[in-house]
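**Student:** In terms of full-length UniProt numbering, the sequence shown opens at residue 1 and continues consecutively.
By construction, the Cβ of each residue, glycine as well, lies at the ideal position given by its N, Cα and C atoms.
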Amino acid sequence: MAEISELYGNFHDWFLETIIVRGSTNPRRPDTLVLGLFDDQKCVSVTFDGMSRAGFKGGGALNIVNCLEIVEPNTDGFALAQSLLSESAHGKHSGRYVAYLYSTVGAEIAVEFDSVTIATQPAQ
Numbered sequence: 001m002a003e004i005s006e007l008y009g010n011f012h013d014w015f016l017e018t019i020i021v022r023g024s025t026n027p028r029r030p031d032t033l034v035l036g037l038f039d040d041q042k043c044v045s046v047t048f049d050g051m052s053r054a055g056f057k058g059g060g061a062l063n064i065v066n067c068l069e070i071v072e073p074n075t076d077g078f079a080l081a082q083s084l085l086s087e088s089a090h091g092k093h094s095g096r097y098v099a100y101l102y103s104t105v106g107a108e109i110a111v112e113f114d115s116v117t118i119a120t121q122p123a124q
């Protein structure tokens, strides 16, 4: 899970452009969260597969990321994430990891998931 910070510096000062929630096999059972992020040089999609819960707070026309990181149990970040996730409907499955997107401006997002993929997108 270190790839988030190693490759992109936790996406500090990147813009959150898109939020997509979808079901990989059944649209009525969302299990994937995709965040579209960009800075001055790159566009990426961050795909959280095996999503069991997601929580969203705030947001608007302008959403700037302070950092996106995996949060560990018994930390302030994990407690913050659990507060958002507690409002999310969920089934029997629980994700292996929890990530939190801290904002400078706009949306904050918590997601419980099994794996993450980061893919570079064509610049727009």
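Taking the beta carbon of D31 as the centre, do at least 16 other beta carbons fall within 10 Å, making it buried, or is it exposed?
**Tutor:** Buried, because 16 or more other Cβ atoms sit within 10 Å of the Cβ of D31.
**Student:** From S115 to M51, what does the alpha carbon distance come to, in whole angstroms?
**Tutor:** Whole-angstrom Cα-Cα distance: 8 Å.
**Student:** If you draw a straight line from the C-alpha of Y97 to the C-alpha of A81, how long is it?
**Tutor:** Taking the straight line joining both Cα atoms gives about 11 Å.
**Student:** On the CB-based measure, 16 or more other CB atoms within 10 Å of its CB, does A61 come out buried or exposed?
**Tutor:** So A61 ends up on the exposed side.
**Student:** Between E17 and N74, what straight-line distance do the alpha-carbon atoms span, to the nearest angstrom?
**Tutor:** Going by the C-alpha atoms only, they are around 31 Å apart.
**Student:** Tell me E69's beta-bridge partners as DSSP assigns them.
**Tutor:** Partner(s): Y100.
**Student:** Could you have a look at S45 and say whether DSSP puts it in helix, strand or coil?
**Tutor:** S45 falls in the strand class under three-state DSSP.
**Student:** Is S83 helix, strand or coil by DSSP?
**Tutor:** Residue state, collapsed to three classes: helix.
**Student:** Which residue's Cα is closest to the Cα of L68: T47, S83, K92 and G23?
**Tutor:** Nearest C-alpha to L68: T47.
**Student:** Assuming contact is defined by CB atoms lying nearer than 9 Å, are D39 and F15 in contact in what I supplied?
**Tutor:** For D39 and F15, yes; Cβs fall inside 9 Å.
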